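Residue numbers (the UniProt record's numbering): 1 to 89.
Report on the following structure.
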């Protein structure tokens, strides 16, 4: 999830710039994929990654994973695509 916070300087932080660089790099890698099916799968995986936030904690010795959907329309599109891909053989 990418969020921009207001600060006094109105300049992006190094962390924010690093996150943007990583996101753009991932998207470019998917765009450069020559195989259409692999490209489609790559976009779906990027959509799932960008539309959710995953947090993992240990509580009383048990690993608890919480997935929060932060972009409903993108998440729903990705799930529809996953179901569509699963039907293709």
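Glycine included, C-beta positions come from ideal geometry on N, C-alpha and C.
Since the model is a prediction, treat every value here as computed from it, not as a measurement.
Let me check understanding here. Comparing Cα to Cα, which of 46, 30, 24 and 11 lies closest to residue 39?
The option with the nearest alpha carbon to residue 39 is 30.
Just verifying my parser: in three-state terms, what is the DSSP assignment at residue 92?
The requested residue 92 is not part of the displayed model; the chain covers only 1 to 89.
Cα separation between residue 65 and residue 8?
Taking the straight line from one Cα to the other gives about 35 Å.
Quick one: grab the DSSP three-state call for residue 67.
In the structure shown, residue 67 sits in a strand (DSSP, three-state: E or B).
DSSP three-state call for residue 20: helix, strand or coil?
Looking at residue 20 - three-state DSSP - the assignment turns out to be helix.
Mind reading off the beta-carbon distance from residue 54 to residue 78? Whole number of angstroms is fine, and I expect it under 8 Å.
Here residue 54 is actually not in contact with residue 78; their C-beta atoms are around 14 Å apart, not less than 8 Å.
Rounded C-beta distance between residue 51 and residue 69? I'm assuming under 8 Å.
Contact between residue 51 and residue 69 is confirmed by a C-beta separation of about 6 Å, below the 8 Å threshold.
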